[in-house]
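Inspection log for the structure reproduced underneath, given as structure tokens.
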Amino acid sequence: MQISIHALLGGAHHARGLTVIIDVFRAFSTACYAINAGAARIIPVAELEQAYALKREHPDWLLMGERDAIKQPGFDFGNSPTEVEAVDLSGLTVVHTTSAGTQGLVAAMSAPEVSEVLTGSFVNLGATVEYIRSRAPEAVTFVAMGTAGRERSGEDDLCAMYMKNELQGVPNRFEAIKGYLATIESARKFFDPKADYAPERDFELCTALDRFDFALTAGRDEDGLLTLRAAKPAPA
Ligand SMILES: O=C(O)[C@H](CS(=O)(=O)O)OP(=O)(O)O
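Start counting the sequence shown at 0; every next residue gets the next number (numbering that gives the first Met the number 0).
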């Protein structure tokens, strides 16, 4: 298995093989909490306008996401795991749009050499690694999406490295990583009492290693929309 680590939106466009789009703070951690809360389907979109158009067409669908980390007008949830952690989303469809994560997914889905697309985060890291092993791909690309897909961020870079290490049998030390993540620029909002759109609990929820036992795979549904669904790795 040939493993590459790419970064930012450009990295998603040039990915190859099985591709994992990583966004720890907060898109794909939040997506996992939404699926765990019962969401039947998450539809990641790049453009805010597309999210509003889907809502007009399907008034019962919910909107989740952010711009500049802030929940947008008319949205049901921000891009915050704390907001969806304890709600009942059973059977509901959630449209998700974010500055980095969902942009990367959309880019990877149209990249010519990509065979399959997954999300990446610490909350379902072990299940994602197991899923990759079960697919035994020739090439794997991890894409660390960073801040707004334009600037590298420690949490996504370290998550990419962590997954690569797991696949290659190299030991990781999560507690040390978590301590470091609390100090970096992209985590500052979680510890700023004025940033009520990013509560400190988001940091805890996004760094809950292996809280979930499913990978999130991206595919096209019958209606042509990009959809994230939970996939449990097949038993060995
Ligand atoms: O909501 C977030 O924390 C981020 C905002 S940004 O990318 O740092 O501007 O969105 P995400 O797409 O989850 O990185």
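For every residue, glycine included, the Cβ atom is placed at its ideal position computed from N, Cα and C.
Asked, Found
"With DSSP collapsed to three states, give me the class of P43.", "strand"
"Check for me: the beta strand (DSSP E) holding I115 runs from which residue to which?", "Per the sequence presented here, residue 115 reads as Glu, with Ile not at that position. Here the beta strand (DSSP E) through E115 covers V113 to G119."
"Out of I69, A217, R210 and Y130, state which residue places its alpha-carbon closest to the alpha-carbon of K193.", "I69"
"Within 8 angstroms: the Cβ of K193 and any heavy atom of ligand 1?", "no"
"So if DSSP puts S3 in a beta bridge, which residue, or which two residues, is it bridged to?", "T140"
"In the DSSP assignment, the beta strand (DSSP E) including V19 goes from what residue to what residue?", "G16 to I21"
"What do you get for E150, buried or exposed, if any count of 16 or more other CB atoms within 10 angstroms of its CB means buried?", "exposed"
"Reducing DSSP to helix, strand and coil, say where R134 ends up.", "helix"
"State the start and end residues of the unbroken beta strand (DSSP E) segment that holds G100.", "No beta strand (DSSP E) holds G100; the alpha helix (DSSP H) holding it covers G100 to M108."
"Where does V128 fall in DSSP's three states?", "helix"
"Chain B beta carbons: is any one of them nearer than 9 angstroms to that of E184?", "Reference to chain B is not applicable here, since this structure consists of a single protein chain."
"Are the Cβ atoms of T97 and R25 separated by less than 9 angstroms?", "yes"
"When you compare only the Cα positions, how much space is there between A14 and I2?", "11 angstroms"
"Kindly provide the ranges of any beta strand (DSSP E) runs that are 3 or more residues long and lie completely inside the segment 29-87, ordered along the chain.", "40-43 and 61-64"
"Could you give the DSSP three-state label for L180: helix, strand or coil?", "helix"
"Output the distance between the C-alpha atoms of A135 and A230, rounded to the nearest integer angstrom.", "16 angstroms"
"Could you give the DSSP three-state label for L166: helix, strand or coil?", "helix"
"Closer than 8 angstroms is the cut-off here; do at least three beta carbon pairs connect the segment 172-189 with the segment 211-231?", "no"
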